[in-house]
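Undergrad: Could you have a look at this structure, given as structure tokens, before my questions?
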Amino acid sequence: MVMLYGRKSQVDYRAKLWACNFCFQRNQFPPAYAGISEVNQPAELMPQFSTVEYVIQRGAQSPLIFLYVVDTCLEEDDLQALKESLQMSLSLLPPDALVGLITFGRMVQVHELSCEGISKSYVFRGTKDLTAKQIQDMLGLTKPAVPVHPARPAQPQEHPSISSRFLQPIHKIDMNLTDLLGELQRDPWPVPQGKRPLRSTGVALSIAVGLLEGTFPNTGARIMLFIGGPPTQGPGMVVGDELKVPIRSWHDIEKDNARFMKKATKHYEMLANRAAANGHCIDIYACALDQTGLLEMKCCTNLTGGHMVMGDSFNTSLFKQTFQRIFSKDFNGNFRMAFGATLEVKTSRELKVAGAIGPCVSLNVKGPCVSENELGVGGTSQWKICGLDPTSTLGIYFEVVNQHNAPIPQGGRGAIQFVTHYQHSSTQRRIRVTTIARNWADAQSQLKHIEAAFDQEAAAVLMARLGVFRAESEEGPDVLRWLDRQLIRLCQKFGQYTKEDPASFRLSDSFSLYPQFMFHLRRSPFLQVFNNSPDESSYYRHHFARQDLTQSLIMIQPILYSYSFHGPPEPVLLDSSSILADRILLMDTFFQIVIYLGETIAQWQKAGYQDMPEYENFKHLLQAPLDDAQEILHARFPMPRYINTEHGGSQARFLLSKVNPSQTHNNLYAWGQETGAPILTDDVSLQVFMDHLKKLAVSSAC
Amino acid sequence: MSQQGYVATPPYSQSQPGIGLSPPHYGHYGDPSHTGSPPGMMKPAGPLGAAAPGGMLPQGHPPHGPHQFGQNGAHAQGPPLQRFPGPPPVNSAAPSYAPYSPSTQSSYPSPVSTSSVAQLGTQLSAMHVNSYGTGMAPPSQGPPGPPSAAAAFQGPSRSPQPSILQPGSQVLPPPPTALNGPGASPLPPSTHRQDGLPGPAPPNAQYQPPPLPGQTLGPGYPLQQANYGPQMAGAQLSYPGGFPGGPAQMAGPPQPQKKLDPDSIPSPIQVIENDRATRGGQVYTTNTRGQIPPLVTTDCTIQDQGNASPRYIRCTTYCFPCTSDMAKQAQIPLAAIIKPFATIPSNETPLYLVNHGETGPVRCNRCKAYMCPFMQFIEGGRRYQCGFCSCVNDVPPFYFQHLDHIGRRLDHYEKPELSLGSYEYVATLDYCRKNKPPNPPAFIFMIDVSYSNIKNGLVKLICEELKTVLEKLPKEGQEETSSLRVGFITYNKVLHFFNVKSTLARPQMMVVTDVSEVFVPLLDGFLVSYQESQSVIHNLLDQIPEMFADSNENETVFAPVIRAGMEALKAADCPGKLFIFHSSLPTAEAPGKLKNRDDKKLMNTDKEKILFQPQTNVYDPLAKDCVAHGCCVTLFLFPSQYVDVASLGLVPQLTGGTLYKYNNFQVHLDSQQFLNDLRNDIEKKIGFDAIMRVRTSTGFRATDFFGGIYMNNTTDVEMAAIDCDKAVTVEFKHDDKLSEDSGALIQCAVLYTTVSGQRRLRIHNLGLNCSSQLADLYKSCETDALINFFAKSAFKAVLHQPLKVIREILVNQTAHMLACYRKNCASPSAASQLILPDSMKVLPVYMNCLLKSCVLLSRPESSTDERAYQRQLVMTMGVADSQLFFYPQLRPIHTLDVKSTTLPAAIRCSESRLSEEGIFLLANGLNMFLWLGVSSPPELIQGIFNVPSFAHVNTDITLLPELGNPYSQTLRMIMGIIQQKRPYSMKLTIVKQREQPEMVFRQFLVEDKGLYGGSSYVDFLCCVHKEICQLLN
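So the protein lines, in turn, are chains Y and U.
Taking full-length UniProt numbering, the leading residue of the first sequence gets 1, the next gets one more, and so forth.
Taking full-length UniProt numbering, the leading residue of the second sequence gets 1, the next gets one more, and so forth.
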């Protein structure tokens, strides 16, 4: 085993030996640890440090690499905004970062950034599928570097490889590249009436992947793809250029009517896998009013840990700030990003790894701790995560191995160690080791212990990931049925009830919220595609599969705050009953921040009370949710869509679609007029859902 | 002579005894009926019964050599006796017998030396005189002879005397013209030659070759006949009958020692000078149908009065035979060489532009011929009858005009299309692609920046030159700046496109590496106006040599380069021209990749033709695409070794472009030649995206086309571009009978786009005569045009047939044409006489030059590339260019009169004309040689080279030093005049007598025997004569 200490290790200080907790092998401490003793413990052995990070000095440090892949089939102001954003980003990069630029429209241009006096680019036809080898040949990457002319002595170069033509340290070509971006024109090929511009996204991305593959294999790098519309030609095309043929919808997909989808998806999957294999991550920044093909391209970000950002236009603060946030720095001045990580999971022998769900690909490393049952991406104990940021999470699923003849000893502990090798944004290679241990409890006799230790939030999120993971490949109703079954089984196991008596059903506190999470999950855009385009679904699912627990919960069950004169802002139920005339509501769904003025408030605002000195408190009331929203906006990545609406406003639908429809046109009068707002839906309310759940849980038929 | 191919067809088929012709014939001459016709049989045309029984006897033809000798000798014996006819009538068929007697010395009455050689000489010279036979100036002696008189004199040659073919023995009953006492001719030959107007009188000085014992000649009347007989037009020559076989067979038995006096055989120089003397400097008006224009070598002013100027159209004959039978009989090709954009001297009127507005040109409803002087207005001007198809059309109302008393429209002289042979129409949208007005054309410069080109400084040279030459882009008359747009591409194994949009601070380079499927990476900014983008372009041109200074890329691509240019033009939706500067065999992996396949072993085999064919099948479809998109390709080649011109040159040729080739280009020596070519090519008058259609009056039609063209069907001649130096040779054949009254009318219409993007029609009309008399046909021939036709048809055939076959075909056809004349038009005379029609006097010498060209005759010193190159050049040549190319100008310089501006008189291209004391300048349109005799006058050497002596002259120079002395100035002026109007800049080579490079120079002395084959003029003449004799027998 490699250097793996952990506080779970048993250490013999005198003999300078330690026994591995996972395989029980006894190991010698290395010379650096000669001075250790009980009183002089290394940090690894202290219980409070469950996570330890090691810096590796070996090997050449490679600089950060950013390859911009820019669509030029944009409207003029969109392109202008994008150019400004890109130029801005250059100023945020460390001077030794390598940057490259590929632009595309009908053709794909790989810009050579090193040339003096003339800007040079390699141009590719956007319709031709090229193999990695061809691309590298055509870019001249396969040959040895251009031999230096005898007259000119070789200049010492930091990166003497040929790749330096296309990927240059920013400090060298800053001006050059800024000018180049400034001169960037819209794709000059004429777009006839009734046609979409020809956009060669598939080839552009293929070239970007091929370029990095040829120049910086197994080195962290970021491909940033900016698109303003769907790919319309060549490999990876999502829709034809005829405007009269709309881009595929869920309806088309269900009817098997999306003729380019399979092929395109295959193309992008191939690229994503190649990028992932080399540790390169792909970001997609898609800004367009219509769909851009995220459904087909999602694997590029999902498999490589890249970002997916969807907006209406590059000329919006949503895009601009989101993009800027990519380059935000930590207190050490390092980017909050890491590259080319591998995560290895080690378990003590009672546990096996069933799989992981998150922005990763399998490294196909089999081992004794790999379970035969796969949950998510399984069959391996190692995964590659090409792009990491502080919010990136992986859901990892374990299986308790039933050992018939060797029951788990009472009071024993199961240990898990997560070893993450990665390239820090300071270009160091690091290893981060997290070790955890949990007590074993017997599932029969010690159910209470388990119940008490149940983390319903984490469980909800992990279940949700599984559900979403399944939803990518299975029919929606199947997934919902599966989810329901799981919920019922959980309730049967942990609920307290008398058989066949739904009214008797109770769940302990540690489970109390769980069904509600499941209720909202069932209604969420992660599992429901109705009313969402395929791109939107892909976008939502992408973020759901990588955000941390808190954010994921917000996504499952949005947070609703209520502001009123009656007291300080308070969280209220995500329920139609919370929509009251004299309240201001602030809803955070992760993707949207909605500020909703109740009917009365809206009327007051229209009447202009907030501008009257005597109603300053009203002004404050109006301001309060805005301030809170700003706070969320500042921290969130990607920037949520900010919606300011009021009772009866068209945008109020964002709120109405989320709340529990406790009042609908069906039961409106039964609930009386006083409270809440009716939702025009046939969806079941939480109440109905719970009633059914109870019924099924107590039913012995299940 | 059965049905040889029709009209012009060379007698390909029949195998000639003694030559072993194989049946294949080339291309268009494919009439299968030829095969097997016995050699030497002309169909008897006249009452004469030319078909003397003996003549018909096939067995009577021994192949050659001694047999013939004997035979002829025998033959010669008899004749004097019988025939005493007057001179044959003009049209009568030639006597059938061929009494050429190698042995007549004894009978030869003239008091000549006994040396047969000397004798030959004199006799030939005497004959030579005849060449200016008929109808010209009255003979200095003897009865003045208009042909009719002559005919009367001799009487129709009845008395068909059977010629006897059996060797020996035979006595020909009434020997027709047979043996004359040539020597008896009172005319001193030299006189005749000098005055250049040898009347018909000094007629057939025939020459009776070496004495044959026992020959009995009645000296008396043969003499007479000799004097008066040949009133016919035509040079008559006899030659020693014993001359064995063709040039190649010189080894054959006898008399190599019998050299003809070269002075006595028709001299091209003399012919040129005569024409110049009679017609030079005059005004030639084209008001009459079928008139014969001055020679191409004669300067005159041409006035268009209803027929196209000969600068635009020249014909092989200006009188067509009325029937196809007649055409078959004569074997004279009926062809026109059309140079629709020929440059017109400033003292001649440029073409008028007719604009009928939206209605467009007036055209015949049936045959679509354009309004022209051949349209006959009738019914008071309300209708007109088409001169081509005779359809009666209504005159469109807007075009109506009353007729005058002679039935001519009142506005006859106001409308160019009614009174002129050549004019232009503004074309309407119907004549445009997709019915949209065309965009102005574009020039794309494509520079090979591979290692060698960078290293030898060529790239820098080109870039520097482009900066100035782009100022002179061609423009339409009043335009201030050219509307042409320009674009730039450099390439080695990948292509670099440049964005030179005027708004850019610096050019952008776009590299296309996908050469297997090349495409145009940009639209906007690739093709720009030079004026607008000047600074960016200059910036680019400054940078290009720098940019690739470190490149060590040796491999190049070629087909993708053309495709890229074509795609760029296609994307820009405009026609245009690519200027490609290329230097190596394209060996990089790409379509059109070539390998070195030069193989000297193929020379003189049936596979030799492969060397002229493109190596891959990539280039032909590429050329087709180029033509379809109006993309003309001009290629500048700078090879240092084999580059496969046959493959690389295909697209330039088929797209109407030009191929320039500079072997082993060295910047310090060859820049000037290249830059002159480049400037000239950029500036020259050009039309783009052209379609030519040649319409004819009923009875005949255009059947074959040669030139820088692409034919998608049988009638439309498509040309991506056509410039002022390109000519298309069109062959005609009969459909039906032609009538003498209406003649043969030709209308050539070229639809094209001007440099400013205007769509126009250029119309050339020419009326030819028709005649049922062969003599008229022969009278109206133009040898220069014939050679142009023969060269092109033979060079085209080179691709498909063994060279040997082609050469034989050419010889045979030459013999055929002359034999037909001899048989049907010339007065009866001894068979030993070679009688040439006046108009074809120099056909043999030119034909010999053609046969000796390195294309048709492989020689160790001419590379495969050079041959392919010359083959291609000739295919697009006009008459003047081909004349000079095949018979170079050779002028003495040492006799230069520095005070005069006239060029020193040219001399014949033969070594015997050179002298050790002399300096000679030779030019053929591609090369120029300054030959220095070993004893050249030192003052001349000093004057020209600024060195003290012959020994000091540096032969490496390609430009003469510019010195202030009159020798230098005059010589350079002369060279300038010779260079003028020539499409290619000639490379100057200094040759010292008796030094190695002289071997190259010798190849251009075309009257001499070639070093590596190729007969001398005299030998060839003998060979042709022998063929004729065989035909006549």
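We put the CB at the ideal spot given by N, CA and C, even for glycine.
All of these numbers come straight from a predicted model, not from anything done at the bench.
Within 8 angstroms of any Cβ in chain Y, is that where the Cβ of U/Pro521 sits?
TA: Position 521 of the second sequence holds residue 521 of chain U. For U/Pro521, the answer is yes, since a Cβ of chain Y falls inside 8 angstroms of its Cβ.
Undergrad: Looking at C-beta atoms only, is the number of pairs between the segment 61-80 of chain Y and the segment 219-235 of chain Y that lie closer than 8 angstroms three or more?
TA: The answer is yes - the segment 219-235 of chain Y touches the segment 61-80 of chain Y, with three or more Cβ pairs under 8 angstroms.
Undergrad: Which residues of chain Y have a Cβ atom closer than 7 angstroms to the Cβ of U/Met547, listed in chain order?
TA: Numbered from its first residue, the second sequence carries residue 547 of chain U at position 547. Ordered by position in chain Y, the residues that pass the 7 angstroms Cβ test against U/Met547 are Ile118.
Undergrad: Determine which residues of the segment 429-461 of chain U have a Cβ less than 7 angstroms from any Cβ of chain Y, and write them out in chain order.
TA: From the segment 429-461 of chain U, no residue has a Cβ closer than 7 angstroms to chain Y.
Undergrad: Are any of the Cβ atoms in chain Y nearer than 8 angstroms to that of U/Thr513?
TA: Here residue 513 of chain U corresponds to residue number 513 of the second sequence, with the count starting at 1. Yes - at least one Cβ of chain Y is within 8 angstroms of the one on U/Thr513.
Undergrad: Straight-line CA distance for U/Ile337 to U/Pro293?
TA: Taking the second sequence and counting its residues from 1, the one referred to as residue 337 of chain U is at position 337. Taking the second sequence and counting its residues from 1, the one referred to as residue 293 of chain U is at position 293. Taking the straight line from one Cα to the other gives about 13 angstroms.
Undergrad: Report the three-state DSSP secondary structure of U/Pro560 (helix, strand or coil).
TA: Within the second sequence, residue 560 of chain U is the residue found at index 560, counting from 1. Helix.
Undergrad: Below 8 angstroms between beta carbons: does that hold for U/Phe579 and U/Met446?
TA: Position 579 of the second sequence, counted from the start, is the residue given in the question as residue 579 of chain U. Position 446 of the second sequence, counted from the start, is the residue given in the question as residue 446 of chain U. Yes, Cβ-Cβ distance for U/Phe579 and U/Met446 is below 8 angstroms.
Undergrad: Buried or exposed: which applies to U/Asp689, given that a residue is buried once 16 or more other Cβ atoms fall within 10 Å of its Cβ?
TA: As a first step, residue 689 of chain U is located in the second sequence; it is residue number 689 there, counting from the start. That one is buried.
Undergrad: For a contact meaning CB atoms closer than 8 angstroms, what does Y/Arg125 contact in chain U?
TA: Residue numbering aside, residue 125 of chain Y sits at position 125 when the first sequence is read from its first letter. Chain U residues near Y/Arg125: Asp514, Glu517 and Phe519.
Undergrad: Helix, strand or coil, according to DSSP, for Y/Gln610 in the structure here?
TA: Within the first sequence, the letter at position 610 stands for residue 610 of chain Y. Here Y/Gln610 sits in helix by DSSP.
Undergrad: Whole-angstrom Cβ separation of U/Ala744 and U/Leu761, contact assumed at under 8 angstroms?
TA: In the second sequence, residue 744 of chain U corresponds to position 744, counting from 1. In the second sequence, residue 761 of chain U corresponds to position 761, counting from 1. Contact flag wrong, Cβ pair sits at about 22 angstroms.
Undergrad: Within this structure, are the beta carbons of Y/Phe104 and Y/Thr178 separated by less than 8 angstroms?
TA: Within the first sequence, the letter at position 104 stands for residue 104 of chain Y. Within the first sequence, the letter at position 178 stands for residue 178 of chain Y. Cβ atoms of Y/Phe104 and Y/Thr178: not closer than 8 angstroms.
Undergrad: Can you grab the Cα-Cα spacing for the pair residue 1046 of chain U / U/Pro937, in whole Å?
TA: Only positions 1 to 1033 of chain U appear in the structure, and residue 1046 of chain U is not among them; the question remains open.
Undergrad: Kindly say whether residue 1048 of chain U, judged by its beta-carbon, lies nearer than 8 angstroms to any beta-carbon of chain Y.
TA: Because chain U here runs from 1 to 1033, residue 1048 of chain U falls outside it and cannot be looked at.
Undergrad: Give me, in chain order, the residues of the same chain whose beta-carbon lies closer than 7 angstroms to that of Y/Leu513; leave out the 5 immediate sequence neighbours on both sides.
TA: If you number the first sequence from 1, residue 513 of chain Y lands on position 513. Cβ within range, chain order: Gln456.
Undergrad: Is U/Pro333 near the ligand PLP, judged by its Cβ being under 7 angstroms from some heavy atom?
TA: As presented, the structure is devoid of all ligands, the ligand PLP included, so that no description of it is given.
Undergrad: Quick check: is the beta carbon of U/Arg485 nearer than 8 angstroms to any beta carbon in chain Y?
TA: Taking the second sequence and counting its residues from 1, the one referred to as residue 485 of chain U is at position 485. Output row for U/Arg485: interface = no.
Undergrad: Taking CB distances under 8 angstroms as the criterion, tell me whether U/Gln508 reaches chain Y.
TA: Locating residue 508 of chain U in the second sequence gives position 508, counting from the first residue. Yes - at least one Cβ of chain Y is within 8 angstroms of the one on U/Gln508.
Undergrad: Closer than 8 angstroms, CB to CB, is Y/Ser473 near chain U or not?
TA: For the purposes of this step, residue 473 of chain Y is taken as the residue at position 473 of the first sequence. So no, Y/Ser473 is outside the interface.
Undergrad: Going by DSSP in three states, Y/Arg541 sits in which element: helix, strand or coil?
TA: As a working note, residue 541 of chain Y is residue 541 in the first sequence. Helix at Y/Arg541.
Undergrad: Should Y/Phe590 and Y/Ile554 be called a contact, given that it needs their Cβ atoms to be closer than 8 angstroms?
TA: Position 590 of the first sequence holds residue 590 of chain Y. Position 554 of the first sequence holds residue 554 of chain Y. Yes, they are a contact pair.
Undergrad: Distance check for Y/Asp241 and Y/Arg196, CA to CA, integer angstroms please.
TA: For this step, residue 196 of chain Y is matched to residue 196 along the first sequence. For this step, residue 241 of chain Y is matched to residue 241 along the first sequence. Whole-angstrom Cα-Cα distance: 5 angstroms.
Undergrad: Please go through the same chain and pick out, in chain order, the residues whose beta-carbon is closer than 6 angstroms to the beta-carbon of Y/Thr265, but skip the five residues on each side of it.
TA: Locating residue 265 of chain Y in the first sequence gives position 265, where the first residue counts as 1. Closer than 6 angstroms at the Cβ level, and outside the excluded window around Y/Thr265, lie Glu296.
Undergrad: Is the separation between the beta-carbon of U/Val633 and that of U/Ile562 shorter than 8 angstroms?
TA: Counting from 1 along the second sequence, the entry for residue 633 of chain U is found at position 633. Counting from 1 along the second sequence, the entry for residue 562 of chain U is found at position 562. Cβ distance < 8 angstroms, so U/Val633 and U/Ile562 count as in contact.
Undergrad: Please name the residue in Y/Asn273, Y/Pro246, Y/Ala272 and Y/Leu271 whose C-alpha comes closest to that of Y/Phe260.
TA: For the purposes of this step, residue 260 of chain Y is taken as residue 260 along the first sequence, with counting starting at 1. Closest option to Y/Phe260, Cα to Cα, is Y/Pro246.
Undergrad: Closer than 6 angstroms by C-beta to U/Ser309: which residues in its own chain qualify, once you throw out the five before and the five after it? Chain order, please.
TA: Here residue 309 of chain U is taken as the residue at index 309 of the second sequence, counted from 1. Ile302, listed in sequence order.
Undergrad: On the three-state DSSP scale, how would you describe U/Asp263?
TA: Walking along the second sequence from the start, residue 263 of chain U turns up at place 263. Looking at U/Asp263 - three-state DSSP - the assignment turns out to be helix.
Undergrad: Suppose only complete runs of 4+ residues qualify. What are the alpha helix (DSSP H) ranges in the UniProt domain "Sec23/Sec24 helical" (783-882) of chain U, listed by chain order?
TA: Counting only runs of 4 or more, we get 783-797, 803-824, 843-852 and 864-875.
Undergrad: Could you name the residues of chain Y that U/Gln543 contacts, counting a contact when the two beta carbons are closer than 7 angstroms?
TA: Counting from 1 along the second sequence, the entry for residue 543 of chain U is found at position 543. Within 7 angstroms Cβ-Cβ: Gly117 and Ile118.
Undergrad: Please confirm whether U/Ala335 and U/Thr729 have their CB atoms less than 8 angstroms apart.
TA: For this step, residue 335 of chain U is matched to residue 335 along the second sequence. For this step, residue 729 of chain U is matched to residue 729 along the second sequence. Closer than 8 angstroms, so yes.
Undergrad: Whole angstroms are fine: how far does the CA of Y/Asp548 sit from the CA of Y/Ala286?
TA: Walking along the first sequence from the start, residue 286 of chain Y turns up at place 286. Walking along the first sequence from the start, residue 548 of chain Y turns up at place 548. Whole-angstrom Cα-Cα distance: 23 angstroms.
Undergrad: Give me, in chain order, the residues of the same chain whose beta-carbon lies closer than 8 angstroms to that of Y/Asp691; leave out the 5 immediate sequence neighbours on both sides.
TA: Indexing the first sequence from 1 puts residue 691 of chain Y at position 691. Around Y/Asp691: Pro502.
Undergrad: If U/Leu810 sits next to U/Leu850, beta carbons under 8 angstroms apart, how far is it from one beta carbon to the other, in whole angstroms?
TA: The residue given as residue 810 of chain U occupies position 810 in the second sequence. The residue given as residue 850 of chain U occupies position 850 in the second sequence. Confirmed, Cβ separation roughly 7 angstroms.
Undergrad: According to DSSP, is Y/Asn364 part of a helix, a strand, or is it coil?
TA: Locating residue 364 of chain Y in the first sequence gives position 364, counting from the first residue. Here Y/Asn364 sits in coil by DSSP.
Undergrad: Does the count of Cβ pairs from the segment 587-600 of chain U and the segment 553-570 of chain U closer than 8 angstroms reach three?
TA: Short answer: they touch.
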